[in-house]
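Chemist: What follows is a structure written as structure tokens; I'll ask about it next.
See below:
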């Protein structure tokens, strides 16, 4: 309970002071000598969000183009393509704009993301239409604490916080970076409630429909309560070669606090049933492999 209260308290204070912080750090914006573009391609083996995922794996190819202005402002556009044997489609298009700033050993980033999901998407995040996030890092040398707070906008707004620790090891004249990390993620569950109401029980290609049912929907109990959802140990690996950057980011998600669900079933006979159950959570190993070219 304590970690959830801590994250929620930190998140409220950070969003209250966000505007003042931005004004204070404008003078410390990233001051690159020039503006530039980056083109990237990532492959993600599954779509896992706060330890939650769909009943079938959702791997994505994600091409992205990003423009970085020397002031610290950036804009990006990406598309997540689903290449499975049963479905081939662009699952979501993402547009993002943000601002990076630095003050001594402190790094901050604020960004706004807009999501355009395919109507057939079964991602647990398909009910989120936009996000506003505020990332914070402070490098003590031996350890770097991180705190990210996020507002996820959808049918109802979710409040999310991620508290982490990491340290970067630089090898081969700084050409190789290895960053082990641990993150605790907390959030409200309105996005998950939307998923259970509209997506979780959607018939997937190749799956059988439960005999005699007309519709099945789920409701997450107490979805507006903030709680720790998962712990994520990971290890980011980056290799720099001129204008190219190659990366591999494996993460092991350990979900906690399974949701209590009310399952509403309507049968062809006219019978209607409601039953309560607690979802069964399982650990997830997921990873992202990427390449970036700086133009």
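Residue numbers (my numbering): 26 to 320. Heads up, the beta-carbon is just placed ideally off N, CA and C, and yes, glycines get one too.
1) Could you compute how far the alpha carbon of residue 259 sits from the alpha carbon of residue 170?
2) Hey, could you find the ends of the alpha helix (DSSP H) residue 222 is sitting in?
3) Does the structure place the stretch 186-200 close enough to the stretch 213-230 that three or more beta carbon pairs sit under 8 Å?
4) Could you check if residue 409 is buried or exposed, using at least 16 other CB atoms within 10 Å of its CB as the buried criterion?
5) What whole-angstrom Cβ distance do residue 253 and residue 211 have, given they're in contact under 8 Å?
6) Just how far apart, CA to CA, sit residue 161 and residue 209?
7) From the DSSP output, read off the bridge partner residues of residue 170.
8) Looking only at DSSP bridge pairs, what is residue 243 linked to?
9) Would DSSP call residue 51 helix, strand or coil?
10) Pull up the distance between the alpha-carbon of residue 69 and that of residue 179, whole angstroms please.
11) Please confirm if the stretch 293-300 is in contact with the stretch 311-318, defined as three or more CB-CB distances below 8 Å between the two stretches.
12) Could you pull out every unbroken beta strand (DSSP E) segment of at least 3 residues lying fully inside the stretch 74-137, listed in chain order?
Modeler: To lay it out plainly:
1) 15 Å
2) 215-223
3) no
4) Any answer about residue 409 is impossible in this case: the structure gives the chain only from 26 up to 320.
5) 5 Å
6) 15 Å
7) 190
8) 288
9) Reliability fails at residue 51, whose pLDDT of 48 lies under 50, so the model's placement of it is uncertain and the value that follows must be treated cautiously. In the structure shown, residue 51 sits in a helix (DSSP, three-state: H, G or I).
10) 24 Å
11) no
12) 85-93, 98-108 and 113-128
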